[in-house]
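Protein chains: 6
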Amino acid sequence: MDSIKEFNDYRAAMNDKILAADNKVIKRIFNLDSNAYADGAVATKHKEMIGLACSMVLRCDDCVKYHLGKCKEEGMSTEEVFEVFAIANLIGGTIVIPHLRRAVDYWEALEKEENV
Amino acid sequence: MDSIKEFNDYRAAMNDKILAADNKVIKRIFNLDSNAYADGAVATKHKEMIGLACSMVLRCDDCVKYHLGKCKEEGMSTEEVFEVFAIANLIGGTIVIPHLRRAVDYWEALEKEENV
Amino acid sequence: MDSIKEFNDYRAAMNDKILAADNKVIKRIFNLDSNAYADGAVATKHKEMIGLACSMVLRCDDCVKYHLGKCKEEGMSTEEVFEVFAIANLIGGTIVIPHLRRAVDYWEALEKEENV
Amino acid sequence: MDSIKEFNDYRAAMNDKILAADNKVIKRIFNLDSNAYADGAVATKHKEMIGLACSMVLRCDDCVKYHLGKCKEEGMSTEEVFEVFAIANLIGGTIVIPHLRRAVDYWEALEKEENV
Amino acid sequence: MDSIKEFNDYRAAMNDKILAADNKVIKRIFNLDSNAYADGAVATKHKEMIGLACSMVLRCDDCVKYHLGKCKEEGMSTEEVFEVFAIANLIGGTIVIPHLRRAVDYWEALEKEENV
Amino acid sequence: MDSIKEFNDYRAAMNDKILAADNKVIKRIFNLDSNAYADGAVATKHKEMIGLACSMVLRCDDCVKYHLGKCKEEGMSTEEVFEVFAIANLIGGTIVIPHLRRAVDYWEALEKEENV
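Protein chains in written order, with the working numbering: chain A, 11 to 126; chain B, 11 to 126; chain C, 11 to 126; chain D, 11 to 126; chain E, 11 to 126; chain F, 11 to 126.
Spelled out as structure tokens, the structure:
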């Protein structure tokens with residue numbers, strides 16, 4: 011799907027520019043991301059659920075998209091994803107709903123891409 | 011106005027998809043919305059002022075648009091709306107100003123639509 | 011009630027110190043507060059409802075206490091206050107509940123003080 | 011431990027007062043909490059991890075305590091809890107650290123209580 | 011660059027409309043902005059660094075753009091700007107990264123404009 | 011002053027416990043803190059101003075205290091500190107004022123300690 015490709019391409023291009031600036035603190039923050047979500051006492055799949063829910067209550071559309079992509083890679087079902095959405099919307103309140111709309115839109119795009 | 015129609019159409023289409031997913035918690039959160047803003051000890055008009063101000067300090071453009079539409083339905087004047095904006099900007103600080111700009115833009119569109 | 015007096019005394023003492031520092035920007039922000047909540051196109055009572063709800067969704071206990079004191083001065087009933095609480099909790103989500111607990115505690119103190 | 015008992019007692023006492031006020035919207039929000047964390051496509055244990063992480067990035071100490079209590083009931087290990095803390099601190103930044111300190115303090119109290 | 015002009019034009023046009031509404035509180039908030047960033051005990055350049063970092067941790071893209079424009083006017087180097095970014099991303103966490111991407115994009119546009 | 015000692019002691023004791031848990035991601039986040047505020051293209055003094063302002067707009071009392079201690083070490087004057095406070099209160103709005111009160115209280119304690 012175009013919206014997925016556009017998101018991933020911009021993300022990759024800007025990450026390259028950010029890392030090229032060679033700021034040590036920023037580079038280390040970027041590196042930590044891989045460590046934090048790696049399989050450990052908590053499985054990557056459940057860590058991605060956490061990442062998705064936190065992104066939603068903090069209302070960051072790009073972060074939601076990123077974690078939805080990871081949730082798809084981890085083989086999460088639509089039912090599982092909606093249960094995560096439900097908790098995020100309950101904790102974060104109705105202010106989260108516009109982000110839920112865009113998240114459902116993006117999840118649908120991920121589902122379609124998979125079935126092409 | 012196109013921006014109003016576009017906002018309402020996307021909102022309605024995505025709400026349909028969200029409710030079709032049949033997650034009980036999410037459906038109940040959606041249902042609560044009608045109850046919370048119904049006339050009671052506090053009139054709907056004043057509840058919508060509250061909804062508008064909270065959306066603004068929480069900096070959710072879509073929520074601001076939604077409540078501006080409701081404020082228009084409740085017959086609020088531009089002067090009343092700006093007094094609500096003023097409180098939201100004082101409480102929330104200058105970080106709210108970009109959202110104020112878009113809110114004033116949308117309110118103007120609502121005013122124009124009414125006068126067509 | 012002691013909790014009310016303690017809150018008001020600390021607030022007054024620190025405001026004096028802040029204003030004594032004579033920073034022009036801070037002094038003007040303090041002055042704006044009286045203007046924003048004055049009777050206008052929107053009545054002070056409804057402006058205080060807005061101030062209360064915004065304080066709650068932004069989860070600032072001291073701001074909630076301050077506005078509850080003002081709501082009491084404006085003659086708001088417990089039923090009205092709870093309808094404002096309800097909207098704030100719906101918009102802000104369950105993360106607001108601990109602040110609701112402390113707000114209900116303080117409102118009860120204000121009610122008792124009035125009946126002494 | 012006293013800090014656990016004090017937290018739970020205040021929480022229970024205030025919840026009783028809130029529900030006694032008989033506001034329909036607030037009562038329903040409270041009811042939704044049990045539904046959202048019930049076993050479903052996602053297990054309660056993983057939902058509690060989500061609740062814990064969201065509470066931490068939203069920086070609500072009481073919510074963190076509540077979910078730590080639930081995590082303990084779900085049999086979570088200290089290692090699992092710290093992996094959830096790590097994600098929350100990475101997503102939410104160093105602003106979360108003071109809440110992490112209090113969370114670790116409370117988790118230690120829960121561990122001690124269990125071993126009495 | 012077009013993105014810079016588009017941002018500045020919309021900002022200026024909406025500010026005119028906002029001020030034309032003649033709400034005293036809002037007008038005063040706008041006026042305070044010039045005072046707060048004026049040279050004083052702290053130099054404007056360092057105040058703009060503060061404005062930039064606060065905009066980033068509060069995740070307001072338009073505010074980030076505005077302060078990046080001011081940082082450029084103050085003659086800040088790319089290295090200085092990235093050190094400010096680094097602090098903002100450490101304090102605010104990975105949730106700030108999507109805003110960092112757009113900020114780096116805009117800073118690059120400002121650099122290009124300067125070299126035309 | 012006792013409030014300063016109490017703050018620093020709790021902070022140190024809990025940091026020890028957190029690091030003892032030996033979670034790699036959390037340990038690295040802690041390490042990044044020293045790097046981010048080190049002298050570089052931007053001087054430590056100005057980085058601490060940034061840290062103070064960000065802590066204030068994000069409304070974290072403990073973070074404000076920590077950075078006020080660092081600002082004192084960097085030799086900042088009361089006038090400089092209040093100019094940073096002013097920007098934070100303008101950007102963050104009146105919701106920041108309760109945190110300003112506690113910050114002024116703590117700064118006063120730091121000033122007194124220095125003069126003992």
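In this text, a Cβ means the ideal position worked out from N, Cα and C, and glycines have one as well.
Since the structure is predicted, the reported quantities are computational estimates derived from the model, not experimental observations.
Item, Value
"Meets three-Cβ-pair contact criterion under 8 Å: the segment 61-73 of chain B and the segment 114-121 of chain D", "no"
"For residue 70 of chain A, the three-state DSSP class (helix, strand or coil)", "coil"
"Residue 32 of chain A at chain B interface by Cβ criterion, 8 Å", "no"
"For residue 50 of chain A, the three-state DSSP class (helix, strand or coil)", "coil"
"Same chain, Cβ closer than 8 Å to residue 84 of chain F, five either side skipped, listed in chain order", "54, 55 and 58"
"Closest by C-alpha distance to residue 31 of chain D, when choosing among C:52, C:93 and C:107", "C:93"
"With 16 other Cβ atoms within 10 Å as the buried cut-off, status of residue 75 of chain B", "buried"
"Contact residues within the segment 16-30 of chain D, judged by C-beta distance below 8 Å to chain F", "none"
"Option nearest residue 46 of chain F by Cα separation, candidates A:12, A:35 and A:105", "A:35"
"DSSP three-state assignment for residue 31 of chain A, whether helix, strand or coil", "coil"
"Chain A within 8 Å of residue 52 of chain B, Cβ atoms only", "no"
"Backbone secondary structure at residue 86 of chain A - three-state DSSP", "coil"
"Boundaries (first-last residue) of the alpha helix (DSSP H) holding residue 114 of chain C", "107-124"
"Interface residues of chain B facing residue 97 of chain C [CB-CB closer than 8 Å]", "46, 47, 57, 60, 61 and 64"
"Under the three-state DSSP convention, the category residue 103 of chain F falls into", "coil"
"Cβ neighbours of residue 73 of chain B in the same chain (closer than 6 Å, five flanking residues each side left out)", "65"
"Residue 67 of chain D classed as buried or exposed, judged by whether at least 16 other C-beta atoms fall within 10 angstroms", "buried"
"Nearest-angstrom Cα separation, counted from residue 40 of chain F out to residue 50 of chain E", "34 Å"
"Proximity of residue 103 of chain C and residue 103 of chain A at Cβ, strictly below 8 Å", "yes"
"Residue 96 of chain A versus residue 77 of chain F: straight-line alpha-carbon distance, rounded", "37 Å"
"Cβ of residue 67 of chain E within 8 Å of any chain F Cβ", "yes"
"Any C-beta of chain C under 8 Å from that of residue 72 of chain D", "yes"
"Chain-ordered chain B contacts of residue 100 of chain A [CB-CB under 7 Å]", "35 and 39"
"Test item: CB-CB of residue 42 of chain A and residue 100 of chain D under 8 Å", "yes"
"Cβ neighbour criterion (16 or more within 10 Å) applied to residue 98 of chain B", "buried"
"Outcome for residue 126 of chain E when other beta-carbon atoms lying within 10 angstroms are tallied against a minimum of 16", "exposed"
"Interface residues of chain D facing residue 104 of chain E [CB-CB closer than 8 Å]", "100, 101 and 103"
"Beta carbon proximity, residue 110 of chain F to chain E, threshold 8 Å", "no"
"Status (buried if at least 16 other CB within 10 Å, exposed otherwise) for residue 33 of chain C", "buried"
"Under 8 Å by beta carbon: chain A residues contacting residue 115 of chain B", "Per Cβ cutoff of 8 Å: no residues; residue 115 of chain B is ~17 Å from chain A at best."
"Any C-beta of chain E under 8 Å from that of residue 78 of chain C", "no"
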